[in-house]
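Protein chains: 2
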Amino acid sequence: MKEGPDIARLGTLIGDPARANMLTALMGGQALTASELAQAAGVSLPTASSHLSKLEDGGLLSQRKQGRHRYFALADTATGAMLESLMGFAASRGHLRHKPGPKDPALRKARVCYDHLAGDFGVRMFDNLICEGTIIAEGENLVLSEAGEARVSALGINIEKLHSPRRPLCKSCLDWSERRSHLAGSLGRALLAHFIDQGWARRMADSRVITFTPEGERRFMAVFPVD
Amino acid sequence: MKEGPDIARLGTLIGDPARANMLTALMGGQALTASELAQAAGVSLPTASSHLSKLEDGGLLSQRKQGRHRYFALADTATGAMLESLMGFAASRGHLRHKPGPKDPALRKARVCYDHLAGDFGVRMFDNLICEGTIIAEGENLVLSEAGEARVSALGINIEKLHSPRRPLCKSCLDWSERRSHLAGSLGRALLAHFIDQGWARRMADSRVITFTPEGERRFMAVFPVD
DNA sequence: CCGATGTTTTGGTCTTGATCGAAGCATGCG
DNA sequence: CGCATGCTTCGATCAAGACCAAAACATCGG
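Here the protein sequences come in this chain order: D and S. Quick note on our numbering: the first sequence kicks off at -12 and runs consecutively. Quick note on our numbering: the second sequence kicks off at -12 and runs consecutively.
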């Protein structure tokens, strides 16, 4: 009866609105201080502190002390992936927090999903990569083709450095706003970092929104032309 | 701030122990009545009824009236997948419901995972099937090889009858006690049923424990020799 | 040292929701 | 029909935990 993994505990941790807001805020990938998270969650500092220690006990967060500040971040990419899959499922059941309308067009257009690009732009990139054969979908798994390696290198990314035993190179991630897949994994991360490096796009403070410069958007569209 | 899917609602739904128990009980894919679920969750019928309607409102369950009974099942495979991924994550964080020690060795040795064999014996069987080429892993998916069909038939199982549009023949299932895969799907179910039919093993009442007879264990070990 | 800033602990209030007994519906069986 | 069975609704109880103010703790800059 009382056997097996304790999903109830995990559910309870995620189930509180304040904690869910904090986790969502951390999906942006950057570490945030306790005060920032308190504000994001809309609760007082003591309350936030209590929530944060619960989340940490539950293994969802990692914390790093730095001077007077205490920075919190998602424990690892598995945590981010788990949350995003929850978001995908919630969205598929129509569990939205605001009305379905395009209240936040910027967020639907391009946003960061933990560390990679999501939203309309993310899906567009993914579709192009599949379409041109850079990435091949084998069932659930994604593989970078040989031609794809050249293609990615040509974009200015060093693939050698992306291989890691801890994390897959390519992974698909369900996009809650588009209800389609976009690219996660270390390649997904590198591509977003590259766009920002090149000055094509910028991350907005206190939000998951990614804004492309006019020139950056032009370039992006040129590189990923298929609509 | 209030953007994105409402994972808090989903978390709350899963976060109650009674509801989590019900969902876990339904992971086997078979539909259960309200009374059965009440017992599985360890709550009274009125309480269970209330939980079930919440789960249904949340889109996690579907219900089918049949005579006096009301059968509940997971809404779809996406729901099952979401729960399984939650279980995997919970297990990876050590969120187990009883103490880590070998409190229940029998349970770790062999138990039923809804309808198929899990625990040490389940993992052993799985490893043997893979090793001898009966089952081939293609990424996430499992396929029964041609040689495998013969092998399984030789064990006394009628494969024809196992094919179903509703359920895959072979599926891997993460074993929380071993942290490795074992065999689910209709073949997994049939194998367990076969062991019990042959008198190799018995299910214990009110428990997930499977006990092998000495003779049954000897046979099992002979059929699946690889450790 | 001291005061300012960031965070946690303490102590107490209050709301949410899980729970069950009893009563109310619905369906099937004889 | 009428009784048994399966489930839901109602009403009331009760406990877990979310919440904040105030005080304690920690760290830095001067």
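Glycine residues also receive a C-beta, built at the ideal position from the N, C-alpha and C atoms.
- When DSSP labels each residue in this structure, what does residue 218/D get in the three-state scheme? Chain D is shown only over -12 to 214; residue 218/D falls outside these bounds and no answer can be derived.
- For residue 101/D versus residue 208/D, is the C-beta distance shorter than 8 angstroms? no
- Query: Span of the alpha helix (DSSP H) holding residue 53/D?
  - Reply: First-last for residue 53/D: 48 to 53, but that is the beta strand (DSSP E), not the alpha helix (DSSP H).
- Item | Spatial distance of residue 61/S from residue 180/S (CA atoms) | 23 angstroms
- Query: Thinking just about the alpha-carbon of each residue, which of 149/D, 175/D and 146/D is nearest to the one in residue 159/D?
  - Reply: 175/D
- Does DSSP put residue 142/D in a helix, in a strand, or in coil? coil
- Message: Are the CB atoms of residue 19/D and residue 59/D within a distance shorter than 8 angstroms?
- Response: yes
- Message: Taking the straight line between their C-alpha atoms, what separation do you get for residue 27/D and residue 133/D?
- Response: 43 angstroms
- Message: Run through chain S and tell me which residues come within less than 9 angstroms of residue 135/D, C-beta to C-beta.
- Response: Those within 9 angstroms of residue 135/D in chain S number zero; the least Cβ separation is about 18 angstroms.
- Query: When we look at the beta-carbon of residue 170/D and count the other beta-carbons within 10 Å, is it buried (16 or more) or exposed?
  - Reply: buried
- Query: Applying the criterion that 16 or more other CB atoms from any shown protein chain within 10 Å of the CB defines a buried residue, is residue 150/S buried or exposed?
  - Reply: exposed
- Item | Contacts around residue 211/D, its chain only, beta-carbon distance under 7 angstroms, and the 5 residues preceding and following it disregarded | 111, 112 and 115
- Item | Closest Cα partner of residue 196/S within the set 137/S, 96/S, 63/S and 138/S | 96/S
- Query: Run through DSSP, which three-state label would residue 131/D get?
  - Reply: strand
- If you run the structure through DSSP and keep just helix, strand and coil, what is residue 199/S? strand
- Query: Would residue 226/S be called buried (16 or more neighbouring beta carbons within 10 Å of its own) or exposed?
  - Reply: This structure leaves residue 226/S out entirely; chain S is present only between -12 and 214.
- Under 8 angstroms by Cβ, that's how I've got residue -6/D and residue 7/S pegged, so tell me the actual separation to the nearest angstrom. 5 angstroms
- Message: Please report the straight-line C-alpha distance between residue 139/D and residue 104/D, rounded to a whole angstrom.
- Response: 16 angstroms
- For the ligand SAM, is there a heavy atom less than 7 angstroms away from the beta-carbon of residue 98/S? For the structure depicted, the ligand SAM is absent and the ligand set is empty, with no information on it obtainable.
- Task: Apply the 10 Å Cβ neighbour rule to residue 3/D and answer buried if 16 or more other Cβ atoms are within range, or exposed otherwise.
- Result: buried
- Is the beta carbon of residue 189/D sitting closer than 8 angstroms to the one on residue 99/D? no
- Measure from the alpha carbon of residue 51/D to the alpha carbon of each residue in 21/D, 172/D, -8/D and 131/D, then state which is nearest. 21/D
- Message: If the criterion is Cβ atoms closer than 8 angstroms, does the pair residue 77/S and residue 76/D meet it?
- Response: no
- Message: By the DSSP assignment, the alpha helix (DSSP H) with residue 65/S in it spans what residues?
- Response: 64 to 79
- Message: Below 8 angstroms on the Cβ atoms is my contact criterion, and I expect residue 135/D with residue 144/D to pass it. Report the Cβ-Cβ distance as a whole number of Å.
- Response: No, residue 135/D and residue 144/D are not in contact; Cβ-Cβ is about 11 angstroms, not under 8 angstroms.
- Buried/exposed call for residue 30/D, threshold 16 Cβ in 10 Å: buried
- Message: Taking the alpha carbon of residue 82/D as the reference point, which residue from 213/S, 67/S and 45/S has its own alpha carbon closest?
- Response: 45/S
- Task: Measure from the C-beta of residue 172/D to each C-beta in chain S and report whether the shortest distance is under 8 angstroms.
- Result: no
- Have a look at 56/S, 137/S and 168/S and flag the residue whose alpha-carbon is nearest the alpha-carbon of residue 23/S. 56/S
- Message: Just to make sure I have the definition right: I need the residues of chain D whose C-beta is within less than 8 angstroms of the C-beta of residue 38/S. Which are they?
- Response: Under the 8 angstroms cutoff, chain D gives no residues; its nearest Cβ is about 12 angstroms from residue 38/S.
- Query: For residue 63/S, does the count of other Cβ atoms within 10 angstroms reach 16, so buried, or fall short, so exposed?
  - Reply: exposed
- Item | Host alpha helix (DSSP H) of residue 110/S (start-end) | 107 to 118
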